[in-house]
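Per UniProt numbering: the sequence shown = residues 1 to 927.
Every residue, glycine too, gets a C-beta built ideally from N, C-alpha and C.
Only a predicted model underlies this, so the values are computations on that prediction, with no experimental measurement involved.
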Amino acid sequence: MGAYESTKLTILDETESIHKKADCYLNQYKLIEADKWRRNAKILAEQLQDRVRFAKCFDRQGCIKELQGDLNGALKDFNKSLGIKSEWSENEDINMSESYLNIGSIYDKQGKYDDALSMYNKSLKIQLTQLGDNHPKIAVTYSNIGQVYNHQGKYDDALSMYNKSLKIQLTQLGDNHPSIAVTYTNIGQVYNDQGKYDDALSMYNKSLKIQLTQLGDNHPSIATTYHNIGSVYRDQSKYDDALSMYNKSLKIQLTQLGDNHPSIAVTYTNIGQVYNDQGKYDDALSMYNKSLKIQLTQLGDNHPSIATTYHNIGGVYRDQGKYDDALSMYNKSLKIQLTQLGDNHPSIATTYHNIGGVYRDQGKYDDALSMYNKSLKIELTQLGDNHPSIATTYHNIGSVYRDQGKYDDALSMYNKSLKIQLTQLGDNHPSIATTYHSIGGVYNRQGKYDDALSMYNKSLKIQLTQLGDNHPSIAATYHNIGGVYNDQGKYDDALSMYNKSLKIQLTQLGDNHPSIAATYHNIGGVYNDQGKYDDALSMYNKSLKIQLTQFGDNHPSIAATYHSIGGVYNDQGKYDDALSMYNKSLKIKLTQLGDNHPSIATTYHNIGGVYRDQGKYDDALSMYNKSLKIDLTQLGDNHPSIAATYHSIGGVYNHQGKYDDALSMYNKSLKIQLTQLGDNHPSIASTYHSIGGVYRDQGKYDDALSMLNKSLQIFLVTLGENHLHTAQLYRSQAVVNCKLSNYRQAIALYRKSINSLRNVYGESHPQIVEDEKQINYCSNQLQENEKEPSPLEIANIIRQLLAQYADNQTVIDDQSPSSLEEESEHSSQYGKAQDNSRQQRQDPKEHFFQIANTIGSDWTRLAATLDQSIDVDSIKDEESKVFDRAMKILNKWCEKNYPNVNVDQLQAALRQINRNDIVLAIKPTTT
């Protein structure tokens, strides 16, 4: 061998050694050192004019850029290498195969899955020709193809490829080769994506067993497997187990890779995700920032991994209700992704998706839909029509439609999502449970309670099978089933479900998770509906304590709790306290959500309700109109919330005696409800009820009964016999029948009302006492009407009539008629006399319910005007609701002064306290 050849061989050996050093640094993410040795190898390759090794230098350079996140730069280098190789090799050369693999890897990371598959298949074709069917390199290519299929959501195809890879590896490498462990890991990843968590864990543990045997306890690959097992535990909400695995992974990585390796950043990120799931937001941010610090040091400012970390930080801010901060982070992420990944990468679709989620939280529904549709456009282009990510986007578009009250559109989107999920994920994936859950939510809003429960139970069945008995998702389903029961007035069933939810949450999430606060909040709502105001306030305050700890002072959830506390105070007649709470809620919402969020409209609406109860009708209308203006802007003309506001405005007009205006508003409300909710929603029944109330106040009793009957039929279908609304409806029918002197029918209806209330509340509901009093009144009236008058009564009535109409006649003698025959001669005058007498002595009790329902905070002034001896403070202690206090003072006045009480006295007292609106409404009616 000559000197030249010997020198050349020496340089070749040195070049190979340098390439190996570069590869070693690459594996350690020491990219600067790797690039230094790559450049040295390039110099030697140029000296030798060795095209093979020169091409490999571009391969190494592409790998460095790939790790730096410069995918376009990497692609350019890999194509340069391919071009060089094509100059000196045949198309079937094995070196070409390696270039195709490298290019395919970039396309996969760019989300260009069809291009990736094309490259991998080109590589595979060469390998099969050059290496035969069973070479380990072919197994690697099958694995790469499987990975693309997994990214596309083609899970069966992915498993097919991984199993082809596994078959070769088991044949060629034996049972315990580390490459087989990698394949088991990849199969486990597919199972995890399919929600088959037990199968995933089985595969990860098979991988771990091989790695521990072949690589020892501290190899980075083992850290990766611990990491993957931790991710399954996180998906199962086994947060302590997940953290244990992540920390085992971290310990190995810190020992083997040092403090600043990008793999350590990934582990910090995943620990942060667990903390975020647990509601430990400060801990989550701490972990994400530790990850970010490493990534910025090791990867530069524009690596896609940094975009992911910004994205995760944005997610925490969103959960904290810091929406501007969340958007800032998402946009920082988006800027990097657009630069590094191009306009159409699935990761960009994800970021658009989450920006849309923030807009939805802010009530900016058009902006949310715009973002979701931008996401959808990319996904359809890159992932095809049936990827699970597309199902997720359809799902979230459906949720916007639901929030807008477009229930048919929402169901259409949820069903599009469901169709994809059933095709791609099978019948039992947790994502399918989530979609059933959301469909149930729409049915609940539509008042289709049986359909809602059916969907929630379908969701629950999957969750119990796939997630076990104690997953937080199961708690959420119990929670929503409880919500349906509460809407149905089945309060014990509702509390049972909420407590089942709470038990899981306390076990899985600890004492201070926001989800637990939400459950306390809803338990408080049940107690409020039951009239157990102290219990309700206790629950709301437990919720508030957690929220203030976890969110700080200004989260929208805290505003919601202040709002609910205000509702309790309003029901208790503590109007100043109610307004204080509503205004605390409003202040947070205006700060966090802007001026036009639908939640702000809700608060204005409820403030209007307080003013209405106080008899401040102009102030009430002002608030209702502020609410209406926001809703019309944000929700369009036909949202159920707008119908509710028209309904409330109608109620004020009715209190003011503006009956035509009231009917106009109720009918506007009804038109929306019939369009949006169908014919049988409880809200429609409530509107019929209110229209019936106007007709009653106008004395149009037949029209009133017609409306009340329409209302009753809906309540019976949707809520059943034993609901507060049904009881109130029976009572309203009883009042009208009483006015028509149909006392027997009125008594029967009051009894139905009492039975409904007893079945729901026991004996505790205050209206039971009032209904019993009304039954006594009707019974007395019935006895009085049916009683045969005595001769003396007939004579006295005749005497009164003659005295009234006699002009300068001799006054009739005081003594009784001398005989029954004389009395009979005048009996023909009795009917007329009785009618006149009944009109003169109209019982003021007929109007007590209406006065008590309308008087608001003026009940104390009415008490002082009617009878200053009434102990107002004592009544405040005895009764919590204004209605009950007002009824008590009216009954005390009546009992004390009976029989010298009449409607004129009531009207005079009401005029004296400037409540002419009630005077107009209770003008004596003739029968």
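Residue i (DSSP reduced to helix, strand or coil)
i: Lys-374; result: helix
i: Asn-914; result: coil
i: Lys-335; result: helix
i: Gly-650; result: helix
i: Ile-870; result: coil
i: Val-442; result: helix
i: Leu-579; result: helix
i: Asn-667; result: helix
i: Lys-584; result: helix
i: Gln-698; result: coil
i: Pro-682; result: helix
i: His-219; result: coil
i: Ile-546; result: helix
i: Lys-238; result: coil
i: Tyr-281; result: helix
i: Lys-490; result: coil
i: Leu-740; result: coil
i: Ala-908; result: helix
i: Val-919; result: helix
i: Ser-816; result: Bear in mind that a pLDDT of 40 at Ser-816, under 50, signals an unreliable position, so the model cannot answer this.
i: Ala-833; result: Low confidence applies here, because Ala-833 scores a pLDDT of 39, under 50, leaving its location unreliable and the question unanswered by this model.
8 angstroms Cβ cutoff met for residue i and residue j
i: His-429; j: Gln-194; result: yes
i: Tyr-414; j: Ser-431; result: no
i: Ser-599; j: Leu-593; result: yes
i: Lys-739; j: Glu-846; result: yes
i: Gln-614; j: Tyr-569; result: no
i: Gln-337; j: Pro-388; result: no
i: Ala-74; j: Glu-66; result: yes
i: Thr-687; j: His-647; result: yes
i: residue 953; j: Thr-854; result: What the structure shows of the chain is the stretch from 1 to 927, and residue 953 is not part of that stretch, so it cannot be assessed.
i: Phe-715; j: Leu-729; result: yes
i: His-597; j: Ser-627; result: no
i: Leu-677; j: Gly-447; result: yes
i: Tyr-80; j: Phe-58; result: The amino acid occupying residue 80 in the given sequence is Lys; Tyr does not appear at that position. Yes, these two residues count as a Cβ contact at 8 angstroms.
i: Met-623; j: Ile-607; result: yes
i: Gln-68; j: Gly-440; result: no
Supposed close pair residue i, residue j - CB separation, criterion 8 angstroms
i: Thr-308; j: Leu-334; result: Thr-308 to Leu-334, Cβ: 12 angstroms. No contact.
i: Ala-852; j: Leu-906; result: Actually they are not in contact, since the Cβ atoms of Ala-852 and Leu-906 sit about 12 angstroms apart, beyond 8 angstroms.
i: Tyr-611; j: Gln-572; result: Between Gln-572 and Tyr-611 the Cβ distance is about 16 angstroms, and since that is not below 8 angstroms, they are no contact.
i: Tyr-204; j: Ile-229; result: 5 angstroms
i: Lys-888; j: Glu-879; result: 6 angstroms
i: Gln-61; j: Asp-108; result: That belief does not hold up - the Cβ atoms of Gln-61 and Asp-108 are roughly 19 angstroms apart, past 8 angstroms.
i: Ile-565; j: Leu-590; result: Contact flag wrong, Cβ pair sits at about 18 angstroms.
i: Tyr-394; j: Ser-375; result: 11 angstroms between Cβ atoms; not a contact.
i: Ile-168; j: Pro-136; result: 7 angstroms
Status (buried if at least 16 other CB within 10 Å, exposed otherwise) for residue i
i: Gln-912; result: exposed
i: Ser-828; result: With a pLDDT of only 39 at Ser-828, under 50, the local geometry of the prediction cannot be trusted, and no value is derived from it.
i: Lys-876; result: exposed
i: Glu-823; result: Because the pLDDT of Glu-823 is 35, which lies under 50, any placement of that residue in the model is unreliable, and the question is left without a value.
i: Glu-98; result: buried
i: Asp-319; result: buried
i: Glu-770; result: buried
i: Gln-839; result: For Gln-839, the pLDDT reaches just 38, beneath the cut-off of 50, and the residue's location in the model is therefore unreliable, although a value from the coordinates is still provided. Exposed, because fewer than 16 other Cβ atoms sit within 10 Å of the Cβ of Gln-839.
i: Ser-732; result: buried
i: Ala-908; result: exposed
*asked:* Could you check whether the segment 115 to 134 touches the segment 75 to 87, counting it as contact only if at least three pairs of C-beta atoms, one from each stretch, sit closer than 8 angstroms?
replied: no
_Any 3 or more C-beta pairs closer than 8 angstroms across the segment 651 to 660 and the segment 379 to 391_ = no
*Counting pairs of Cβ atoms below 8 angstroms between the segment 249 to 256 and the segment 217 to 231, do you hit three or more?*
yes
_Contact between the segment 456 to 475 and the segment 684 to 692 is defined here as three or more beta-carbon pairs at a separation below 8 angstroms; is this criterion met?_
no
_the segment 656 to 670 touching the segment 419 to 429, judged by at least three CB pairs closer than 8 angstroms_ = no
*asked:* Quick check: the segment 173 to 188 against the segment 197 to 210, are at least 3 beta-carbon pairs closer than 8 angstroms?
replied: yes
_the segment 255 to 263 touching the segment 476 to 488, judged by at least three CB pairs closer than 8 angstroms_ = no
_Inter-stretch contact (C-beta, 8 angstroms, three-pair minimum) for the segment 170 to 178 and the segment 207 to 216_ = yes
*Are three or more beta carbon pairs between the segment 766 to 783 and the segment 539 to 549 nearer than 8 angstroms?*
no
_Taking 8 angstroms as the cut-off, does the segment 514 to 523 touch the segment 237 to 248 (at least 3 CB pairs, one atom from each stretch)?_
no
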